[in-house]
Structure formats: C-alpha cells, structure tokens
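J.: Please read through the structure below; I'll follow up with questions.
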Amino acid sequence: MAADQSPLAQFEIKRWVPIEIGNVDVSLTNSSAFMVLTVIAVSAFLILGMRRPAMVPGRWQSMVELSYVFIASLVKDTVGTEGRTYFPFIFTVFMFVLVGNLFGMVPYGFTFTSHIIVTFTMAMVVFLGVTAIALKKHKMRFFTFFMPPGVPLIMAPLLVPIEIISYLSRPMSLSVRLFANMLAGHTLLKVFAGFVVTLGLFGVFPLAFVVALTGLEIVIAFLQAFVFTILTCLYLNDALHLH
Amino acid sequence: MPQLDVNTFLPQVVWLVITFTALYLLMWRVAVPRIADVLEARQRRIEDNLDKAQESKKEAEQTLAAYEQAMNEARAGANTHITEATARMSGEAAEREAELALDLSARITAAEDEIAKAVDDAMDNIRAATIEVAAAVLERLTGEAPAEKDVAKAVTKVLKSEGR
C-alpha cells in the first residue's frame, strides 16, 4: 500500500504556509486551518443567528438558543450556580470540540481532534485551570481532596497515592478518550472505504457499512464533545466543592 | 502514525492556543451575552405576561363578585316588593270579603224577615179562611151560627197543635 493510501494518511499534517518566528515553527497547517475554520463557523453560527433576535425565535435562532441552554443547564446541574462564571469557557470548549469533530466528517476535511497533542493541550488547560481554581478557593485545604472523608486513617498510605494518581491521570484520560475515538472512527471509515473499491461488485456491502458508520461517527462527534464538556464540568465541580 | 510526529506539535499547539483564545474571547464578549440577553428578555416578557394575566384574572373575579352582589341585592329587593304586594293584596281581599259578607248577611236577614212576614200573612189568611170554613160547616151541621169567637179559639188551638 502506498504511503498516501494508508488509512492513517488522512491524519498527516501538511504545512500549507510555512511560517517561522524566530526559531519557532508556527506554520499554517491543514490542522490549524481547520481550527480557524471552526472558530469562524462557530462565531458565524452563534453571532449571525442572533443578529436580529426575535421574541419568538426562528429555526436558526432556536438552534443557537438550544445549544446555549443545553450547556447552561449542564453547567447548572453539575457545577451549580457558581459555575456561571466559567460558562463561557465551557461553552467554548463544547462548541470548539463539537464543530471540530463535525468538520472531520466533511469529505476532504481534517479532524484536528484526532491529534493527541491538540486534545492533550486542551485537557492540560482544563486540568491546570481547575487545579488553580481549587487552590485559589481552598488554599491548603485542597489537599484534603486526596483523603476522602470518613476513611480510617490506617487506609491513608494506600488511598492517598491512589487518589493522587487518579487525579493526575485526569488529563490523560480526558485527552486520550477524545483522540482515540476520533482516530479509531476515521481509520475504520477509511479502511472500509478502501474495501469498496477493491471488492468490485461486492463493494456494496462495505459501502452500506460505511454509510451506517458515517451516521454513527456523527453521533460520536456529538457524544465525545458532550463527554469532554461534562468531564470538564465535573472536574470544575470537584475543584469548587472538593468532595 | 502522524500523531506521534513531534515536529508537528509546536505549530498545532500555537494555533490551538490562538484559535481557542480567539473563540473564547468572541464567546465571552459577544455571543454569550447576546444570547443571554435575548433569553432573559423573553423570560421577563413571559413573567410580565403572566403577571398581567394574574391581574386580569383578579379583575375578572372582582367584577364577578360585584355582579353577584348586585344580583343578590336585586333579588332581595324583588323579594321584599313581592312580600309587600302580597300583604297589601291579601289585606284588600280580606276587606272586600268582609264587606261582601256584611252586605250579604244584611240582605239575607232582610230576605228572611220578608219570608217570615209572608209566612205569617199566609198563616193569617189560612186561619181566617179556616175559621170561615169551620163556621160554615158548623152552621150547616147544627143549623145555628156559632159564636165567631169560639170558632176562632178552636181553630187557633188545632192549628197550634199541628204546629202552624
């Protein structure tokens, strides 16, 4: 199989416009182009949909309001009223990941959420931000988080390391979940799409499978954006309320 | 695997930071407040309308209460009128009846008197006739005219024993 026909070729980073500032490589790649496209699409969707706000919303305005209310109620349910301050950030995370995932489903599109470095950077921002919020709010009491209340002291040597490891693995699980889902889905699509051609007439079977899988992938695009968002909310809730 | 190519990490992270920050600022400063304003305005409008509906309901209830009170008053007034009229009419009827009864009894008395007088007259006539007949019969039988006084006495006595 030639290199450009590999199922992983779709994840190749291509430097469209090589830019270097000092010694730092900040080239405009296909990945960054789709990030910019995502920002433009999300802003256009949300801002243009609200250009002439009506008391009784039309279809577009309804969709904008629906996405807002969806995340607002998610934040309210998981974090509570203190979560209002962080709502713009969580809303941004949701829309960015969701539209990024969906652009990956467009033919010839590029899925920047299928790159571990992207999801890991986002997860680290969430992790460090949440930890900073917790430290600022609870000062040293934050470290009681690693010792759940009501646990006998004798269990501490066992439990505290486990809690610390589970806390530190949060950015890992958060980033790997999104990355792996996107990677696996798109690879599978590509593999089966390759069968369509090689099987000739019998290619209709993998074709039907690819169609079904495309629907599933769109669902997963929503679901993973939602999971990423709700986990961010849960971590934020832990930071604000400890246990 | 292209994901593990370390050379691509830096441009991706840089662009991620730029684009995500840009989107965050746009959301935070423009989109979110705008949507929140619209939703809040709608919520306020709905609450306003609910308040207004509540007020209208209260007003309607007050109007209904006033109407019912007026109806009750009118009904009570009508009842007193009816009672008064009934009392007045029955009084008048009783008066008229009493008058009528008085008049009737007077007339009855007069009629009875007349009848009694007529009966007396008739009796007197009968007695006179009887006396005459009796005298004539005696004259025929005895050939001698009896004393009118005795005949009258006997006839009166017989009539009295007959109850006339």
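So the protein lines, in turn, are chains C and F. Start counting the first sequence at 51; every next residue gets the next number (our numbering). Start counting the second sequence at 9; every next residue gets the next number (our numbering). By construction, the Cβ of each residue, glycine as well, lies at the ideal position given by its N, Cα and C atoms.
1. What first and last residue would you give for the beta strand (DSSP E) that runs through proline 67 of chain C?
2. Report the three-state DSSP secondary structure of threonine 171 of chain C (helix, strand or coil).
3. Could you give the DSSP three-state label for leucine 78 of chain C: helix, strand or coil?
4. Would you say phenylalanine 17 of chain F reaches chain C, if we count a Cβ-Cβ gap shorter than 9 Å as a contact?
5. At what residues does the alpha helix (DSSP H) containing tyrosine 136 of chain C begin and finish?
6. At the level of alpha carbons, what is the spacing between lysine 65 of chain F and alanine 73 of chain F?
7. Have a look at alanine 53 of chain C and serine 216 of chain C and give me their C-alpha separation to the nearest angstrom.
8. Check whether chain C comes within 9 Å of alanine 30 of chain F, counting only Cβ atoms and requiring the distance to be less than that.
9. Please list, in chain order, the chain C residues whose beta carbon lies closer than 8 Å to that of glutamine 11 of chain F.
10. My understanding is that valine 92 of chain C touches methionine 172 of chain C, with C-beta atoms under 8 Å, so please give their C-beta distance in whole angstroms.
11. Looking at C-alpha atoms only, which residue of C/Ile280, C/Val269, C/Thr142 is the closest neighbour of methionine 155 of chain C?
12. Check whether chain C comes within 9 Å of methionine 35 of chain F, counting only Cβ atoms and requiring the distance to be less than that.
13. Could you name the residues of chain C that glycine 20 of chain F contacts, counting a contact when the two beta carbons are closer than 9 Å?
14. What residues from the stretch 204-229 of chain C come within 8 Å of chain F, judged by C-beta to C-beta, listed N to C?
15. Using 9 Å as the limit for Cβ to Cβ distance, is leucine 24 of chain F near chain C?
16. Compare the C-beta of aspartate 75 of chain C against all C-beta atoms of chain F and say whether one is closer than 9 Å.
17. DSSP puts isoleucine 304 of chain C in a beta bridge; with which residues?
18. Proline 199 of chain C: buried (16+ other C-beta within 10 angstroms of its C-beta) or exposed?
19. With distance defined between alpha-carbon atoms, name the residue in F/Ala143, F/Asp132, F/Val141, F/Arg148 nearest to lysine 168 of chain F.
20. Report the CB separation of phenylalanine 84 of chain C from glycine 150 of chain C in whole angstroms; it is logged as a contact under 8 Å.
21. Could you confirm whether any beta carbon from chain F is found closer than 9 Å to the beta carbon of phenylalanine 146 of chain C?
22. Considering just the uninterrupted stretch of the alpha helix (DSSP H) at phenylalanine 229 of chain C, what are its terminal residues?
23. So for glycine 159 of chain C, helix, strand or coil by DSSP?
24. Using 9 Å as the threshold, is the C-beta distance between leucine 224 of chain C and phenylalanine 177 of chain C below it?
25. On the criterion of 16 or more Cβ atoms from any shown chain inside 10 Å, does threonine 71 of chain F qualify as buried, or is it exposed?
26. Determine which residues of the stretch 40-55 of chain F have a Cβ less than 7 Å from any Cβ of chain C, and write them out in chain order.
27. Can you list the residues of chain F that glutamate 267 of chain C reaches, using a CB-CB cut of under 8 Å?
28. Compute the Euclidean distance between the alpha carbons of threonine 161 of chain C and phenylalanine 278 of chain C, then round it to the nearest angstrom.
29. Valine 241 of chain C touches chain D at which residues, Cβ-Cβ below 7 Å?
30. Counting only C-beta atoms, is phenylalanine 139 of chain C closer than 9 Å to chain F at any point?
31. Consult DSSP for proline 211 of chain C and reduce its assignment to one of helix, strand or coil.
32. Tell me, to the nearest whole angstrom, how far the beta carbon of leucine 281 of chain C is from that of valine 129 of chain C; I am working on the premise that it is less than 8 Å.
33. So which of C/Leu209, C/Pro221, C/Thr181 has the shortest CA-CA distance to leucine 290 of chain C?
34. Is the Cβ-Cβ distance between arginine 42 of chain F and isoleucine 167 of chain C less than 9 Å?
T.: Straight from the coordinates:
1. Counting from one through the first sequence, the residue named residue 67 of chain C turns up at place 17. The amino acid occupying residue 67 of chain C in the given sequence is valine; proline does not appear at that position. It spans 65-67 - the beta strand (DSSP E) in which valine 67 of chain C sits, taken as one unbroken run.
2. As a working note, residue 171 of chain C is residue 121 in the first sequence. Reduced to three states, the DSSP call for threonine 171 of chain C is helix.
3. For this step, residue 78 of chain C is matched to residue 28 along the first sequence. DSSP places leucine 78 of chain C in strand when its eight states are reduced to three.
4. Locating residue 17 of chain F in the second sequence gives position 9, where the first residue counts as 1. Interface residue, yes.
5. Position 86 of the first sequence, counting from 1, holds the residue named residue 136 of chain C. Element bounds for tyrosine 136 of chain C: n/a, residue is neither H nor E.
6. Against the second sequence, residue 65 of chain F aligns to sequence position 57. Against the second sequence, residue 73 of chain F aligns to sequence position 65. In this structure, the CA atom of lysine 65 of chain F is about 12 Å from the CA atom of alanine 73 of chain F.
7. As a first step, residue 53 of chain C is located in the first sequence; it is residue number 3 there, counting from the start. As a first step, residue 216 of chain C is located in the first sequence; it is residue number 166 there, counting from the start. For alanine 53 of chain C, the predicted structure reports a pLDDT of 49, less than 50, and the residue's modelled location is therefore unreliable. The matter cannot be settled from this model.
8. Walking along the second sequence from the start, residue 30 of chain F turns up at place 22. So yes, alanine 30 of chain F belongs to the interface.
9. Residue mapping note: residue 11 of chain F aligns to position 3 of the second sequence, counting from 1. Those are Phe61, Ser164, His165, Ile166, Ile167, Phe229, Leu233, listed as they occur along chain C.
10. Counting from one through the first sequence, the residue named residue 92 of chain C turns up at place 42. Counting from one through the first sequence, the residue named residue 172 of chain C turns up at place 122. That pair is no contact at about 15 Å.
11. The residue given as residue 155 of chain C occupies position 105 in the first sequence. Of C/Ile280, C/Val269, C/Thr142, the residue nearest in Cα terms is C/Val269.
12. Here the question's residue 35 of chain F lines up with position 27 in the second sequence. Yes, because at least one Cβ of chain C sits closer than 9 Å to the Cβ of methionine 35 of chain F.
13. Here residue 20 of chain F refers to the residue found at position 12 of the second sequence. The sequence shown places glutamine at residue 20 of chain F, not glycine. Under the 9 Å cutoff, chain C gives Ile63, Thr79, Ser81, Ser82, Met85, Phe162, His165, Ile167, Val168, Thr171.
14. Listed by position, the residues of the stretch 204-229 of chain C near chain F (Cβ gap below 8 Å) are Phe229.
15. Residue 24 of chain F sits at position 16 when you count from the first residue of the second sequence. Yes, because at least one Cβ of chain C sits closer than 9 Å to the Cβ of leucine 24 of chain F.
16. As a working note, residue 75 of chain C is residue 25 in the first sequence. Chain F contact via Cβ: present.
17. The shown model of chain C, from 51 to 293, leaves out residue 304 of chain C, and the question about it has no answer.
18. Along the first sequence, read from residue 1 onward, the residue named residue 199 of chain C stands at position 149. Flag for proline 199 of chain C reads exposed.
19. Locating residue 168 of chain F in the second sequence gives position 160, counting from the first residue. Nearest option by C-alpha distance: F/Asp132.
20. To locate residue 84 of chain C, count along the first sequence from 1; it is residue 34. To locate residue 150 of chain C, count along the first sequence from 1; it is residue 100. With 8 Å as the limit, phenylalanine 84 of chain C and glycine 150 of chain C qualify as a contact, their Cβ atoms being about 7 Å apart.
21. As a position in the first sequence, residue 146 of chain C is number 96, starting the count at 1. True, the Cβ-Cβ gap to chain F drops below 9 Å.
22. As a first step, residue 229 of chain C is located in the first sequence; it is residue number 179 there, counting from the start. Phenylalanine 229 of chain C -> alpha helix (DSSP H) spans 220-248.
23. Indexing the first sequence from 1 puts residue 159 of chain C at position 109. Glycine 159 of chain C falls in the coil class under three-state DSSP.
24. The count along the first sequence starts at 1 and reaches residue 224 of chain C at position 174. The count along the first sequence starts at 1 and reaches residue 177 of chain C at position 127. Yes, the Cβ-Cβ distance between leucine 224 of chain C and phenylalanine 177 of chain C is below 9 Å.
25. Indexing the second sequence from 1 puts residue 71 of chain F at position 63. Result: exposed.
26. Val40, Arg42, Ile43, Val46, Leu47, Arg50, Arg53
27. Walking along the first sequence from the start, residue 267 of chain C turns up at place 217. Within chain F, no residue comes near glutamate 267 of chain C; the closest Cβ sits about 18 Å away, beyond 8 Å.
28. For the purposes of this step, residue 161 of chain C is taken as the residue at position 111 of the first sequence. For the purposes of this step, residue 278 of chain C is taken as the residue at position 228 of the first sequence. Taking the straight line joining both Cα atoms gives about 16 Å.
29. The displayed structure is made up of protein chains C and F, and chain D is not among them.
30. By one-based count along the first sequence, residue 139 of chain C stands at place 89. It does; some Cβ of chain F falls within 9 Å.
31. To locate residue 211 of chain C, count along the first sequence from 1; it is residue 161. Of the three classes helix, strand and coil, the one that applies to proline 211 of chain C here is helix, per DSSP.
32. Counting from one through the first sequence, the residue named residue 281 of chain C turns up at place 231. Counting from one through the first sequence, the residue named residue 129 of chain C turns up at place 79. With a Cβ gap of about 12 Å, leucine 281 of chain C and valine 129 of chain C do not count as contacting.
33. By one-based count along the first sequence, residue 290 of chain C stands at place 240. The residue with the shortest Cα to Cα distance from leucine 290 of chain C is C/Thr181.
34. Position 34 of the second sequence, counted from the start, is the residue given in the question as residue 42 of chain F. Position 117 of the first sequence, counted from the start, is the residue given in the question as residue 167 of chain C. Against a cut-off of 9 Å, the Cβ pair of isoleucine 167 of chain C and arginine 42 of chain F comes out as no contact.
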